[in-house]
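Student: Residues 1 to 480 in the UniProt record's numbering are what the sequence shown lists, from first letter to last.
For glycine and all other residues, C-beta sits at the position ideal for the given N, C-alpha and C.
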Amino acid sequence: MAEQATAQIGVTGLAVMGRNLARNLARNGFTVAVHNRTPARTRSLVAEHGDEGTFVPGETMADFVASLERPRAVIVMVKAGAPTDAVIDELVPLLEEGDIIVDCGNAHFADTRRREEALRAQGLHFSGTGVSGGEEGALLGPSIMPGGSAESYAKLGPMFEKIAAHVDGVPCCTHVGPDGAGHFVKMVHNGIEYADMQLIAEAYDLLRAGLDATPAEIAEIFRDWNNGELESFLIEITADVLAHTDAATGRSFVDIVQDRAEQKGTGRWTVQSALDLGIPITGIAEATFARSLSGHVDQREAARRAFPDAGEKWQVADRDAFVEDVRRALLASKIVAYAQGFDHIRAGSKEYAWDIDLGGTATIWRGGCIIRARFLNRIREAYDEQPDLPTLLVAPYFAEAVGAGVPSWRRVVADAARAGVPTPAFSSSLAYFDALRAERLPAALIQGLRDNFGAHTYQRVDRAGSFHTTWAGDRTESPA
Ligand code: 6PG
């Protein structure tokens, strides 16, 4: 049993993310209670990293909780789902009113809302906190997205803001909003991560097909792009991965990896939630489906046999112009993905009354997280200038970037279609852009069809109200 309650915060679940978060807290001067279901892991953390700060190891959950100052703050860093509920159930009887449980896993925001409500009824705070940045981020400075009560943030905020990544002296951590807000924002972050990665992958595929270039040559192009508007962590590591040679075969690493992308589910959750909220996040959806499609090996094999050589051989006349076209198309499509992601956050915030600050969200994604990118500064500026911006696409910086990229975007998508190179995210982003800016959409015809077969009614452009035409009868129109 710990002699006295000295720890400012505790971490239970010491797999790599929990371990690195605990070390980050200790390195920043906080006294950290640590606990793991298998105590050997707790001991090894203290043995290997005890000199980095002050750890208070707890062999049992009771020891661990007893070593925490009140109000107690306990970070739970276990697998999302049933394991999280199991740890919460074990913790609750040991806690007292006002104590805080922090779930730093990738939980579904609906689970977070359920847990928060149940724990609130027992006088406890529950902070569903998104953490992005992978293993290294957890140790050196992640982007942190805490949800939950303002009281819980009063205790957690100073610690989280200190251990988070900082950009221009500003921490990549802010109180996102009540109950599920933090995990919702983390979920959309991951959805954007899927879109970003799919767009990068398509750009690579286009360059490879159009230029007949090697992965190492394409790595150089990405390296160059990373010096401009596209500068981001994902572009940077794309250059690294493409330049890597497989030691066993001497071949390009990207050519020896099976072309089936996996997923743990956060992209799928993002799409499911967007469908519920009626927000077209087409880039994220295409990215998620592209991963699924890649895994349908039998269908791919059958289609490959049935339709060999579907496209014309691609011949790019001007190499530099083509590379610039792909860069502009990538930037424009990426802007669409972020515009859609931020629309999704705004809709979630309204639906669940979270009052999420969109500019603040862009601010905490500037560093630490997987989608960190130079242009998040521009997103922050756009929402700071006009919080009710209808879409990011019309904010001056983005409108200019997209406008300047349109001819390139069209050329790339059209050439890819002619050559039979699949570009689901590039193409759907362009279609989204064209649909948004269209004077008239064929949705009017859909309304006509719905009224024809199901008397679902329609609205007219010249008069208020709903109407129905008697399609099977004399085709007179009457107000519905
Ligand atoms: C992060 C990452 C992290 C994880 C992804 C991977 O922000 O640090 O998003 O949460 O690496 O969830 O997701 P998939 O396995 O679904 O690609």
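Secondary structure at VAL16, three-state DSSP: helix, strand or coil?
Tutor: The count along the sequence shown starts at 1 and reaches residue 16 at position 16. Three-state result, VAL16: helix.
Student: Distance, Cα to Cα, LEU393 vs TRP225?
Tutor: Within the sequence shown, residue 393 is the residue found at index 393, counting from 1. Within the sequence shown, residue 225 is the residue found at index 225, counting from 1. Roughly 21 Å between the two C-alpha positions.
Student: Determine the direct distance from the alpha carbon of PRO71 to that of HIS125, and round the result to whole angstroms.
Tutor: In the sequence shown, counting from the first residue as 1, residue 125 sits at position 125. In the sequence shown, counting from the first residue as 1, residue 71 sits at position 71. Approximately 10 Å, taken between the alpha carbons.
Student: Under a Cβ-count criterion, where at least 16 other Cβ atoms within 10 Å of its own Cβ denotes burial, should ILE256 be classed as buried or exposed?
Tutor: Taking the sequence shown and counting its residues from 1, the one referred to as residue 256 is at position 256. By the neighbour-count rule (16 or more Cβ atoms within 10 Å), ILE256 is not buried but exposed.
Student: Could you give the residue range of the beta strand (DSSP E) that holds PRO93?
Tutor: Translated into positions along the sequence shown, residue 93 becomes position 93. PRO93 -> no beta strand (DSSP E), and no H or E assigned at all.
Student: Taking contact to mean at least 3 C-beta pairs separated by less than 8 Å, is the region 342-355 in contact with the region 266-284?
Tutor: Contact holds: three or more Cβ-Cβ distances are below 8 Å.
Student: Taking just the CA atoms, how far does VAL412 sit from VAL421?
Tutor: Residue mapping note: residue 421 aligns to position 421 of the sequence shown, counting from 1. Residue mapping note: residue 412 aligns to position 412 of the sequence shown, counting from 1. Approximately 10 Å between the Cα atoms of the pair.
Student: If you compare alpha carbons, which of GLU236, PRO479, GLY454 is closest to ALA472?
Tutor: Taking the first residue of the sequence shown as 1, we reach residue 472 at position 472. Comparing Cα-Cα distances from ALA472 to each of GLU236, PRO479, GLY454, the minimum goes to GLY454.
Student: Under a three-way DSSP split, which group does HIS125 fall into?
Tutor: Indexing the sequence shown from 1 puts residue 125 at position 125. DSSP places HIS125 in strand when its eight states are reduced to three.
Student: I'd like to know if the region 324-331 and the region 285-302 are in contact, where contact means that at least 3 CB-CB pairs between them fall below 8 Å.
Tutor: The answer is no - the region 285-302 does not touch the region 324-331, with fewer than three Cβ pairs under 8 Å.
Student: With which residues is PRO479 paired in a DSSP beta bridge?
Tutor: The residue given as residue 479 occupies position 479 in the sequence shown. Per DSSP, PHE467.
Student: Taking GLU90 as the reference, which of HIS49, ASN36, ARG23, ASP451 has the closest Cα?
Tutor: Numbered from 1 along the sequence shown, position 90 holds the residue referred to as residue 90. Comparing Cα positions, the closest option is ASN36.
Student: Quick one: grab the DSSP three-state call for TYR352.
Tutor: Position 352 of the sequence shown, counted from the first residue, corresponds to residue 352. TYR352 falls in the coil class under three-state DSSP.
Student: Taking the C-alpha atoms as reference points, what is the distance between HIS189 and ILE371?
Tutor: Looking up residue 189 in the sequence shown gives position 189. Looking up residue 371 in the sequence shown gives position 371. So the alpha carbons of these two residues sit roughly 7 Å apart.
Student: Can you say whether ASN227 is buried or exposed, counting buried as having 16 or more other CB atoms within 10 angstroms of its CB?
Tutor: On the sequence shown, position 227 is the one that residue 227 refers to. By the 10 Å Cβ count, ASN227 comes out exposed.
Student: Tell me the DSSP secondary structure of MET77 in three-state form.
Tutor: Translated into positions along the sequence shown, residue 77 becomes position 77. Three-state DSSP puts MET77 in coil, outside helix and strand.
Student: What is the DSSP secondary structure of HIS166, counted as helix, strand or coil?
Tutor: Translated into positions along the sequence shown, residue 166 becomes position 166. Reduced to three states, the DSSP call for HIS166 is strand.
Student: Counting Cβ pairs, one atom from each stretch, are 3 or more of them under 8 Å apart for the region 227-238 and the region 456-463?
Tutor: Short answer: they don't touch.
Student: Identify, in the order they occur along the chain, each residue of the same chain with its Cβ nearer than 6 Å to the Cβ of ALA261, setting aside the five sequence neighbours on each side.
Tutor: As a working note, residue 261 is residue 261 in the sequence shown. Cβ within range, chain order: ARG291, SER294.
Student: Which word fits ARG378, buried or exposed, when buried means at least 16 other C-beta atoms lie within 10 angstroms of its C-beta?
Tutor: What you label residue 378 is simply residue 378 of the sequence shown in a count that begins at 1. Result: buried.
Student: Is the CB-CB distance between TYR432 and VAL297 below 9 Å?
Tutor: Locating residue 432 in the sequence shown gives position 432, counting from the first residue. Locating residue 297 in the sequence shown gives position 297, counting from the first residue. No, the pair does not count as a contact, with Cβ atoms beyond the cut-off.
Student: Starting from HIS49, trace the alpha helix (DSSP H) in both directions and tell me its first and last residue.
Tutor: On the sequence shown, position 49 is the one that residue 49 refers to. Segment 39-49, the alpha helix (DSSP H) holding HIS49.
Student: What span of residues does the beta strand (DSSP E) with PHE55 cover, start to end?
Tutor: Start at 1 with the first residue of the sequence shown, and residue 55 comes out as number 55. 55-57 is the extent of the beta strand (DSSP E) around PHE55.
Student: Using the Cα positions of MET77 and ALA287, report the straight-line distance between them to the nearest angstrom.
Tutor: To locate residue 77, count along the sequence shown from 1; it is residue 77. To locate residue 287, count along the sequence shown from 1; it is residue 287. In a straight line, the C-alpha of MET77 is about 28 Å away from that of ALA287.
Student: With a threshold of 16 other CB atoms inside 10 Å of the CB of THR476, please say whether the residue is buried or exposed.
Tutor: To locate residue 476, count along the sequence shown from 1; it is residue 476. By the neighbour-count rule (16 or more Cβ atoms within 10 Å), THR476 is not buried but exposed.
Student: Below 8 Å on the Cβ atoms is my contact criterion, and I expect SER143 with ALA164 to pass it. Report the Cβ-Cβ distance as a whole number of Å.
Tutor: Translated into the one-based positions of the sequence shown, residue 143 becomes position 143. Translated into the one-based positions of the sequence shown, residue 164 becomes position 164. About 7 Å; that satisfies the 8 Å criterion.
Student: Under a three-way DSSP split, which group does HIS244 fall into?
Tutor: Mapped onto the sequence shown, residue 244 falls at position 244. Here HIS244 sits in coil by DSSP.
Student: Using a threshold of 8 Å, is the CB atom of HIS189 nearer than that to any non-hydrogen atom of the ligand 6PG?
Tutor: Position 189 of the sequence shown, counting from 1, holds the residue named residue 189. Yes - the ligand 6PG has a heavy atom lying nearer than 8 Å to the Cβ of HIS189.
Student: How long is the line joining the alpha carbons of ARG23 and VAL46, rounded to whole angstroms?
Tutor: For the purposes of this step, residue 23 is taken as the residue at position 23 of the sequence shown. For the purposes of this step, residue 46 is taken as the residue at position 46 of the sequence shown. The alpha-carbon atoms of ARG23 and VAL46 are separated by roughly 10 Å.
Student: May I ask whether a heavy atom of the ligand 6PG can be found less than 8 Å away from the beta carbon of VAL254?
Tutor: Indexing the sequence shown from 1 puts residue 254 at position 254. False, no ligand heavy atom lies under 8 Å from that Cβ.
Student: In or out: LEU95 buried (at least 16 other Cβ within 10 Å) or exposed?
Tutor: The sequence position of residue 95 within the sequence shown is 95, counting from 1. Its Cβ being crowded by 16 or more others within 10 Å, LEU95 is buried.
Student: Are there 16 or more other CB atoms within 10 angstroms of the CB of GLU202, so buried, or fewer, so exposed?
Tutor: As a first step, residue 202 must be located in the sequence shown, where it is residue number 202. Flag for GLU202 reads buried.
Student: Sort ALA339, MET197, HIS344, ASP388 by Cα distance to PHE398 and report the nearest one.
Tutor: Reading the sequence shown from its first residue, position 398 is the one you call residue 398. Out of ALA339, MET197, HIS344, ASP388, ALA339 has the C-alpha closest to the C-alpha of PHE398.
Student: With which residues is MET61 paired in a DSSP beta bridge?
Tutor: Position 61 of the sequence shown, counted from the start, is the residue given in the question as residue 61. MET61 is not bridged to any residue.
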